[in-house]
Every structure is written in C-alpha cells, then in structure tokens.
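Residue numbers (this note's numbering): 9 to 358.
Okay, so here's the structure we're looking at.
This is the structure:
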C-alpha cells in the first residue's frame, strides 16, 4: 500500500511539473494577409504556474519564415512572460501552418501560427511563370530522366488559380502509364495546389525515349499542355549469368546505309535484316528515328529463335535537304545490346 501511495505522489508531482509553463493560447490565427503588406506579428503570453523557476533555453521556429524572441529568460513562480513571433509572407502564397517549439527545463511546448497569404502580382509571376487559362504553374515540363521499366516515380507541379472564380483542374486522356492521385483538383481563387504526377511503366509497352503532352483542362475546357519526358530502359539486373545465356541476341545485317546522292522528290528505300541468334524470343520494344524524313517499318515485333525480319528504311527526300546522317535506334530485349544503331547517310539536292 505504501509503495502504491508513493507512486501516486510521484505521478502527481510529475504531472504538476509538466503543466508549469501555462499559455493563454498555443495557436494564433492571422487569417487572410496580403504579402505586399509585409511581416505580421503576434504575442503568446504564458505564466509559470509551477512551484519552481523555469529557465527558457530557446524558442525555435520550424520555418525560416518566422522569427522569435522572448522575455524573461528566467521565469519566477507566478510570473508572466511573452513570446513574440513574427511571420514573413514573402514568396509564401497560400495557406500556412507553422510550428514554434519552446524549450526549457519544463516540458517542451509547441505553438503554432496559421493563416493564408494572398501573394503579390510580382510573386505570382515569379513563382508561377507558365500561364494556361485561369491557372498558372511553376513548370511546363516534367523530365523524369532515365528509369527502369520496373520502376515508378513521381514528380510534382504546383498550380495557382489566378482568377476570382473556382477552377476544376484535370488532364485530358492521360496515357495508362501516367497517373494522378485524383481525377480532378479544385482550386479556389488565389489558391495553390501541388499535383503529383506518377509514371508507372510496368506492364505497359513503353520503352526508350517517351515524350507525352499532358493537356491541362480547366472547368472542362482544354488548355495548353505540359510536356512529359522520360527514358525507360529494360531491367536486366534480375537475370543470373545462366539466364543471360538463354536470352535473345539481336544481330543486324548492316549498321550503315548510304543512299548517296538523292534528288528531290525521289523516294529511296533499303532493307536491313534483324536476326535473333539467341535462345529465347526477341521482342522489338521500340524503333526511334532522329529525322522524320526517314520512316522505318517492320512486319514483325517478335522473333523466335533463329528467326529473321526485314526492316525497311525509306527516305522521303522532299522532307530534307543537304548532307544528312540519320540515326535509327532499334530497342530490343537483348540484355547485351539492348540498343542497336543504324546510321543512314544521304546527300539530298533539289
């Protein structure tokens, strides 16, 4: 019984100590503020309601947009004190909720300041330079770089509603390997929203250089497009040496084609043979051409062991002029040489 009674006394003493630094309020709401009006400030008032002096070591704002000072540093029993907080709204449009931590020999206290910043026109133009209709954004290109076909990754765009009416944002006919978290996003006037754009190539027939235009739709009206770029490569890292030996092997009959002198509007063609000298089925993942004057056609995209296919390369001379060296990239599931290049040279004259 004595032990239980002692534990109760210790618990009560600890609880009283935790409540020693007592604030009148731990949250301040600034409401709507104008960025061009500059800094705003507030004061948090506290009392030492404990039984011993409290020494405030620091008051730490979690954001560089806030500055703090306090008085006194040593708070006697029953004494009141103040913590002054200043928020700088410069280039911080939209809703904010910032924490401030009070560290002392008492329990740590978390304060917060909240509000909404209406940005200046200069800030809107600087932060969101790309204009659609009512919406602006921080970028108009999403470059995902190089990723494996088994990977997925996310990039983010921030849209800002630069109008006095609500805007519903969506995208027109997204490819199946490009996804957003929501079908549409509602933006109130002067509101900014971050929109995640996911690329998920797994189980999709997308390879090598990917270039897509994501058409922005505002209130069901199509606007301009955001350009998405990525390079998607096959993941051969999961193959053991034994499995690699069983994989397909792509072999081209030629890697250079010379059309020589071509006079417009003549159309010239050549064929190159692609053979699978490996053990498993060869898949032609994609064919990339560096110049639209050259077209490439292949009657097959799958080649069994020892099978061949004739790939036709056709140059339409009216679409080009002068000396040209056009690169054709054939992307396959050959783990040793997944990208095969063909150089197509010509000298076109009128």
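Note that the Cβ used here is the ideal one computed from N, Cα and C, for glycine as well.
Because the structure is a prediction, the values reported are computed rather than measured.
Spanning the alpha carbons of residue 45 and residue 128 requires a straight line of approximately 9 Å. The Cβ-Cβ distance between residue 179 and residue 166 does not fall below 8 Å.
With a 10 Å radius around the Cβ and a threshold of 16 neighbouring Cβ atoms, residue 143 comes out buried. Counting the other Cβ atoms within 10 Å of the Cβ of residue 145 gives 16 or more, which makes it buried.
DSSP places residue 129 in the helix class (H, G or I) of the three-state scheme. Distance from the CA of residue 231 to the CA of residue 174, rounded to the nearest whole angstrom, comes to 16 Å. Residue range 143 to 145 is occupied by the beta strand (DSSP E) that includes residue 144.
Comparing C-alpha distances from residue 346 to each of 73, 260, 250 and 84 shows the shortest one belongs to 260. Put simply, the backbone Cα of residue 295 is about 13 Å away from that of residue 239. The alpha-carbon of residue 329 is positioned some 17 Å away from that of residue 297.
Annotation for residue 253: the continuous alpha helix (DSSP H) segment containing it runs 249 to 253. Burial is judged here by how many other beta carbons sit within 10 angstroms of a residue's own beta carbon; residue 291 has at least 16 and is buried. With contacts defined as CB atoms closer than 8 Å, residue 31 and residue 52 qualify as a contacting pair. Where residue 136 is concerned, there is no enclosing beta strand (DSSP E), because DSSP gives it neither an H nor an E.
Counting only runs of at least 3 residues, the segment 75 to 119 fully encloses the following beta strand (DSSP E) elements, listed from N- to C-terminal order: 88 to 95 and 102 to 112.
Put simply, the backbone Cα of residue 98 is about 25 Å away from that of residue 66. In the DSSP assignment, residue 46 falls outside any beta strand (DSSP E) and carries neither an H nor an E. Contact annotation: residue 193 and residue 177 have beta-carbon atoms nearer than 8 Å.
Looking at the DSSP output, residue 320 sits in a beta bridge with 279 and 305. With a cutoff of 8 Å on beta-carbon distance, residue 85 and residue 113 are scored as not near each other. Distance from the Cα of residue 356 is smallest, within the candidate group 274, 212, 58 and 61, for 274.
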